[in-house]
Amino acid sequence: MTATPIDLGRPVAGDVVELILDDHRRFETLLRQLRDASSDRDAVRRALAALHVAHAEAEERHVYPTLRDDHAIGDHEAQHGEHEHAEGNQALLDVLELTSVEGEEFDEAVEELSRLINHHLTEEELTILNPARAKVSAPELAELGTVFATERNALIDGDCGRLDNVRAIVARAEQEGLLDEDAED
Numbered sequence: 001m002t003a004t005p006i007d008l009g010r011p012v013a014g015d016v017v018e019l020i021l022d023d024h025r026r027f028e029t030l031l032r033q034l035r036d037a038s039s040d041r042d043a044v045r046r047a048l049a050a051l052h053v054a055h056a057e058a059e060e061r062h063v064y065p066t067l068r069d070d071h072a073i074g075d076h077e078a079q080h081g082e083h084e085h086a087e088g089n090q091a092l093l094d095v096l097e098l099t100s101v102e103g104e105e106f107d108e109a110v111e112e113l114s115r116l117i118n119h120h121l122t123e124e125e126l127t128i129l130n131p132a133r134a135k136v137s138a139p140e141l142a143e144l145g146t147v148f149a150t151e152r153n154a155l156i157d158g159d160c161g162r163l164d165n166v167r168a169i170v171a172r173a174e175q176e177g178l179l180d181e182d183a184e185d
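Counting in UniProt numbering, the sequence shown runs from 1 upward without gaps.
In structure tokens, the structure reads:
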């Protein structure tokens with residue numbers, strides 16, 4: 001079970017574009033809460049970690065490959081999305097590794113995380129989700145939604161946002177060259 005008391009939703013089916021957009025709105029809410037000094041920032045960062053890892057992994061394992069196979073997106077869009085997930089995971093790790101959830105160091109780490117995630121959400125909605133809506137049939141989007149939700153929920157249940165797992169994901173991204181400045185070229 002997840003190590004956070006914050007509700008991350010448990011969709012089981014639906015249009016994959018709408019499920020992803022629902023998660024995007026959850027990211028925005030969690031980031032606002034993380035910036036709020038009166039919130040339980042430790043619980044919020046654990047919830048954000050679980051959602052970020054589960055969402056990104058489910059997209060990379062199922063959504064991006066299917067959209068590529070359906071010619072809704074090209075290799076560049078999928079690779080760029082993976083690069084941005086890796087950047088987000090690195091910034092997330094920086095937030096998770098801080099011992100205090102107060103002070104300038106925490107605020108700066110959260111600001112960077114917010115910047116990267118918000119950039120990715122906007123770009124993904126424009127360059128991946130819009131083409132998916134236009135080029136993939138409703139039944140296939142629904143089928144992909146079930147696969148995405150199942151993977152996402154299983155990862156959250158497996159406590160995918162725990163510090164050691166985020167470290168391992170970032171290390172793997174470094175080995176794969178996803179965190180290099182020139183990773184997209």
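The beta-carbon is built from N, C-alpha and C at its ideal position, and this holds for glycine as well.
Compute the Euclidean distance between the alpha carbons of residue i and residue j, then round it to the nearest angstrom.
| i | j | result |
| --- | --- | --- |
| residue 2 | residue 65 | Residue placement at residue 2 is poorly supported in this model, since its pLDDT is 43, which falls under 50; the coordinates are not used for a value here. |
| residue 77 | residue 87 | 15 Å |
| residue 30 | residue 21 | 14 Å |
| residue 51 | residue 133 | 23 Å |
| residue 7 | residue 173 | 28 Å |
| residue 122 | residue 18 | 15 Å |
| residue 105 | residue 98 | 8 Å |
| residue 144 | residue 116 | 26 Å |
| residue 118 | residue 124 | 10 Å |
| residue 37 | residue 45 | 12 Å |
| residue 15 | residue 34 | 29 Å |
| residue 9 | residue 24 | 12 Å |
| residue 156 | residue 55 | 9 Å |
| residue 102 | residue 109 | 11 Å |
Can you tell me the Cβ-Cβ gap for residue i and residue j, rounded? I've got them flagged as a contact below 8 Å.
| i | j | result |
| --- | --- | --- |
| residue 131 | residue 72 | 5 Å |
| residue 96 | residue 49 | 6 Å |
| residue 153 | residue 53 | With 8 Å as the limit, residue 153 and residue 53 do not qualify as a contact, their Cβ atoms being about 13 Å apart. |
| residue 151 | residue 62 | 6 Å |
Looking at the secondary structure, which residues open and close the alpha helix (DSSP H) in which residue i lies?
| i | result |
| --- | --- |
| residue 88 | 75–96 |
| residue 145 | 138–157 |
| residue 65 | 64–69 |
| residue 99 | Careful: residue 99 lies outside any alpha helix (DSSP H) and carries neither H nor E. |
| residue 16 | 16–35 |
| residue 72 | Run containing residue 72: none; DSSP gives neither H nor E here. |
| residue 53 | 41–58 |
| residue 163 | 163–175 |
| residue 134 | 130–135 |
Taking all protein chains shown into account, decide if residue i is buried (16 or more other Cβ within 10 angstroms of its Cβ) or exposed.
| i | result |
| --- | --- |
| residue 161 | buried |
| residue 81 | buried |
| residue 74 | exposed |
| residue 91 | buried |
| residue 180 | exposed |
| residue 163 | exposed |
| residue 126 | exposed |
| residue 69 | exposed |
| residue 193 | With the chain represented from 1 up to 185, any question about residue 193 goes unanswered, as that position is not in the structure. |
| residue 114 | buried |
| residue 138 | exposed |
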